[in-house]
Amino acid sequence: MARWLPRSTDLTRFCQKLNRVKTLEDDMMETSFNRCLSTIDLTLLGIGGMVGSGLYVLTGTVAKEIAGPAVIVSFIIAGFASLLAALCYAEFGARVPKTGSAYMFTYVSVGEIWAFLIGWNVLLEYMIGGAAVARAWSGYLDSIFNHKIKNFTETHVGAWQVPFLARYPDFLAAAILLVATAFISFGAKVSSWLNHVFSAISMGVILFILIMGFVLAQPKNWSAQEGGFAPYGLSGIMAGTATCFYAFVGFDVIAASSEEARNPQRAVPRAIAFSLGLATGAYILVSVVLTLMVPWHTLDPDSALADAFYRRGYAWAGFLVAAGSICAMNTVLLSNLFSLPRIVYAMAEDGLFFQVFSQVHPRTQVPVVGIVVFGLLMALLALVFDLEALVQFLSIGTLLAYTFVAASIIVLRFQQHKGDVPAPGASGRPNAEPHEGPSGGELKEYESFSDKLHLVDRDKSKEQREPGQLKAAFEPYLEFLSDFYPGEVVTVAVVTLMVSAICLCSILVFGNTHLHLPTWSYSLLLVLFSLGFLLSLLLIWAHEQQHSTQTFQIPLVPLSPALSIILNIYLMLKLSYMTWLRFAVWLLLGLLVYFGYGIWHSKENLREPRAQRVSARYVVFPGGSLEERVQAVQPSCQPATGLPDTDTDDCKR
40 MARWLPRSTD LTRFCQKLNR VKTLEDDMME TSFNRCLSTI DLTLLGIGGM VGSGLYVLTG
100 TVAKEIAGPA VIVSFIIAGF ASLLAALCYA EFGARVPKTG SAYMFTYVSV GEIWAFLIGW
160 NVLLEYMIGG AAVARAWSGY LDSIFNHKIK NFTETHVGAW QVPFLARYPD FLAAAILLVA
220 TAFISFGAKV SSWLNHVFSA ISMGVILFIL IMGFVLAQPK NWSAQEGGFA PYGLSGIMAG
280 TATCFYAFVG FDVIAASSEE ARNPQRAVPR AIAFSLGLAT GAYILVSVVL TLMVPWHTLD
340 PDSALADAFY RRGYAWAGFL VAAGSICAMN TVLLSNLFSL PRIVYAMAED GLFFQVFSQV
400 HPRTQVPVVG IVVFGLLMAL LALVFDLEAL VQFLSIGTLL AYTFVAASII VLRFQQHKGD
460 VPAPGASGRP NAEPHEGPSG GELKEYESFS DKLHLVDRDK SKEQREPGQL KAAFEPYLEF
520 LSDFYPGEVV TVAVVTLMVS AICLCSILVF GNTHLHLPTW SYSLLLVLFS LGFLLSLLLI
580 WAHEQQHSTQ TFQIPLVPLS PALSIILNIY LMLKLSYMTW LRFAVWLLLG LLVYFGYGIW
640 HSKENLREPR AQRVSARYVV FPGGSLEERV QAVQPSCQPA TGLPDTDTDD CKR
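Just so you know, the numbering used here puts 375 at position 336 of the sequence shown, and the rest follows in order with no gaps.
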């Protein structure tokens with residue numbers, strides 16, 4: 040029975056395979072893509088991904104049903120929360136200017152299986168998101184023509200009553216996706232130019248809405264007679280924040296495009312900051328004019344802006360609003376179709392997804408196979424499936440990606456620079472090994488004399504500590520932590536921080552409703568998990584981190600990423616259980632793909648360390664100077680000093 044059980048060494052090696060990180064090239068600017076996008080191009084791509092139909096629909100819905108005029112405060116808080124996640128993307132996009140966005144960021148810092156699952160979820164998120172926007176685009180255009188397209192389709196094609204399928208096939212939604220796919224396949228420059236056109240029209244319409252809105256504003260609509268500024272109180276503002284947060288998803292298209300940016304180290308952080316600032320300003324100002332034009336409780340949630348202008352006697356303005364809405368939805372559609380094939384390309388290029396998707400067209404320099412295949416799949420989804428039940432699934436994929444990117448920032452910031460310390464040997468032991476010396480003290484064995492010189496030089500300059508090492512000020516109090524490998528304690532603390540955040544948010548969300556905890560246990564658990572979160576944060580902060588002046592770095596690490604983590608987890612736990620059930624099913628499918636294909640074809644398999652032979656070692660005896668006490672030790676036939684038995688083979692030769 041015991042021989043059928045896996046050995047501990049096999050399990051260790053298997054876990055190492057799952058958690059191996061991507062090895063980056065020395066020249067990260069080298070690419071098969073066309074680096075042609077400027078800061079303005081990236082900024083407009085980000086604005087196009089964030090300012091979509093939500094500006095025309097979401098503002099009215101949240102104002103009437105959730106927060107009232109205080110939707111303005113909801114957007115401010117949601118904008119700040121999105122900024123925490125956006126800054127993490129900005130740092131990674133500048134440091135790792137490769138396509139793949141959250142997938143790539145997780146792969147270079149956390150591990151392979153986690154990166155694959157993030158990429159797998161983002162893939163579905165973009166597919167459902169693009170198909171849902173196409174159906175919304177089709178429905179909005181159809182409503183302008185009094186639903187003639189829908190009636191014609193139901194009459195001549197027929198209507199279905201099948202679960203998970205749409206009531207009727209939406210040929211218009213599928214057609215707009217196919218047209219957009221054709222434009223995207225022509226190259227990044229064509230896609231960027233098309234996005235410029237639609238973004239310019241959309242921003243022109245927004246500017247018109249703001250000017251006309253402030254002209255028609257009536258401050259009495261915020262008065263107590265109409266219910267006041269915050270009729271639903273603080274709870275309404277926070278509930279509105281959770282809904283408004285999803286209006287800002289889309290800035291990750293900038294990180295996904297970093298491999299096509301001319302100067303990603305500067306362009307990516309600037310584009311993310313500019314686009315998020317402009318999008319937040321647009322949402323806040325539109326909310327202001329909307330709730331000042333008409334009383335908030337009389338808004339039409341489906342077409343709030345057009346209805347507000349109609350009721351103030353400017354029916355013609357409704358056509359401009361409709362044009363702006365359609366152009367805004369076009370930019371979101373382009374953003375989804377632009378990002379999705381590039382993330383698939385990054386996964387295929389690393390060997391974790393089918394190799395055919397890593398092909399780049401030699402003339403247009405885009406992953407044309409991924410664009411065509413996933414454009415067709417997106418069109419099929421929009422044609423026949425009912426996407427309303429799946430739209431909420433988008434939230435969990437986005438929030439999970441944000442969480443892992445924030446955790447990756449902490450892990451990467453406290454890792455040592457490449458080449459700072461000698462790599463472990465093939466046997467898994469460090470190059471410096473302690474042994475018992477002749478005088479009873481500890482002697483250390485090194486595979487090269489330069490290794491010892493490096494470590495001795497580092498010991499002599501205690502003030503110049505490497506990232507991941509304990510700060511000198513904390514060493515007297517936390518001396519037992521100085522024996523760990525640099526960055527090891529930080530990694531454990533990040534895991535503890537995330538577990539504490541999950542437990543804390545679970546108590547906040549389910550403690551009084553589903554778990555029905557008594558007050559004393561509810562308070563006790565909140566205190567315990569809050570302490571666990573704060574202690575993990577302090578333990579991370581007690582270690583040295585990387586400091587770079589060459590690329591953008593998010594301020595207040597680890598506090599900023601930690602706040603992003605706890606906020607994202609809280610919002611994930613607020614989603615319905617059906618969303619989590621669908622998410623679990625999709626994860627299982629992803630694991631089948633990974634263990635059936637990805638783990639075997641991963642390019643990191645080719646980079647796994649081979650056994651290395653040691654021709655000479657140096658033993659340093661304690662108690663003397665380095666120059667006086669170094670002795671070269673040739674491999675002996677009897678491993679008396681604890682050398683591995685494999686050295687005997689060298690003697691026989």
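Here a beta-carbon is modelled for each residue, glycine too, at the ideal position from N, C-alpha and C.
Need the endpoints of the alpha helix (DSSP H) that residue i sits in, please.
| i | result |
| --- | --- |
| Thr-192 | 187-195 |
| Gln-761 | The structure shown does not extend to residue 761, since the chain is modelled only from 40 through 692, so no value can be given for it. |
| Met-68 | That residue, Met-68, is in no alpha helix (DSSP H); it is neither H nor E in DSSP. |
| Arg-174 | 151-183 |
| Asp-425 | That residue, Asp-425, is in no alpha helix (DSSP H); it is neither H nor E in DSSP. |
| Cys-54 | 47-57 |
| Cys-127 | 110-134 |
| Ile-215 | 210-223 |
| Asn-16 | The structure shown does not extend to residue 16, since the chain spans only 40 to 692, so no value can be given for it. |
| Gln-304 | 303-332 |
| Ile-79 | 78-89 |
| Glu-518 | Looking at the DSSP string, Glu-518 is not in any alpha helix (DSSP H), and its letter there is neither H nor E. |
Report buried or exposed for residue i, applying the criterion of at least 16 other Cβ atoms within 10 angstroms of its Cβ.
| i | result |
| --- | --- |
| Asp-389 | buried |
| Leu-577 | exposed |
| Trp-153 | buried |
| Pro-557 | exposed |
| Glu-298 | buried |
| Ile-365 | buried |
| Thr-51 | exposed |
| Ile-183 | exposed |
| Asp-345 | According to the sequence provided, residue 345 is Ala. The question's Asp does not apply to it. It is buried - the Cβ of Ala-345 has at least 16 other Cβ atoms within 10 Å. |
| Glu-484 | Note that Glu-484 scores 46 on pLDDT, short of 50, meaning its location in the model is unreliable; the coordinates nonetheless yield the value given after this. With 16 or more Cβ atoms within 10 Å of its Cβ, Glu-484 is classed as buried. |
| Pro-600 | buried |
| His-586 | exposed |
| Gln-651 | Because Gln-651 sits at a pLDDT of 47, beneath the cut-off of 50, its placement in the model cannot be relied upon, and the following sentence gives the value as read from the coordinates. That one is exposed. |
| Val-333 | buried |
| Met-617 | exposed |
| Gln-589 | exposed |
How long is the line joining the alpha carbons of residue i and residue j, rounded to whole angstroms?
| i | j | result |
| --- | --- | --- |
| Ile-215 | Leu-564 | 52 Å |
| Ser-274 | Val-548 | 13 Å |
| Ser-314 | Glu-518 | 46 Å |
| Leu-249 | Ala-286 | 19 Å |
| Val-196 | Arg-206 | 11 Å |
| Phe-144 | Val-632 | 21 Å |
| Glu-104 | Gly-272 | 13 Å |
| Tyr-142 | Ser-148 | 10 Å |
| Leu-204 | Thr-100 | 26 Å |
| Val-29 | Leu-451 | Examination of residue 29 is not possible in this model, given that the chain is present from 40 through 692 alone. |
| Ser-615 | Ile-435 | 10 Å |
| Ser-231 | Leu-76 | 8 Å |
| Glu-505 | Ala-511 | 11 Å |
| Arg-646 | Pro-380 | 26 Å |
| Leu-233 | Leu-83 | 11 Å |
| Arg-46 | Cys-54 | 13 Å |
| Ile-188 | Asp-181 | 6 Å |
| Val-135 | Trp-176 | 35 Å |
| Ser-562 | Asn-185 | 56 Å |
| His-336 | Ser-397 | 52 Å |
| Gly-629 | Ala-269 | 44 Å |
| Ile-245 | Val-60 | 44 Å |
| Ala-312 | Asp-49 | 46 Å |
Inspect the beta-carbon positions of residue i and residue j and report whether they are closer than 8 Å.
| i | j | result |
| --- | --- | --- |
| Thr-370 | Gly-91 | yes |
| Gly-132 | Val-307 | yes |
| Ile-323 | Phe-114 | yes |
| Ala-125 | Phe-290 | yes |
| Met-537 | Ile-593 | no |
| His-555 | Gln-508 | no |
| Ala-295 | Ile-382 | yes |
| Glu-164 | Thr-442 | no |
| Ala-421 | Arg-174 | yes |
| Ser-545 | Ser-575 | no |
| Ile-541 | Ile-608 | yes |
From the beta carbon of residue i, is the nearest beta carbon of chain B less than 8 Å away?
| i | result |
| --- | --- |
| Trp-355 | In the structure shown, chain B cannot be found, because there is only a single protein chain. |
Hey, residue i and residue j are a contact pair by Cβ (cut 8 Å); roughly how many whole angstroms apart?
| i | j | result |
| --- | --- | --- |
| Thr-78 | Arg-309 | 5 Å |
| Gly-571 | Phe-392 | Not really, about 37 Å apart at Cβ, beyond 8 Å. |
| Ile-276 | Val-112 | 5 Å |
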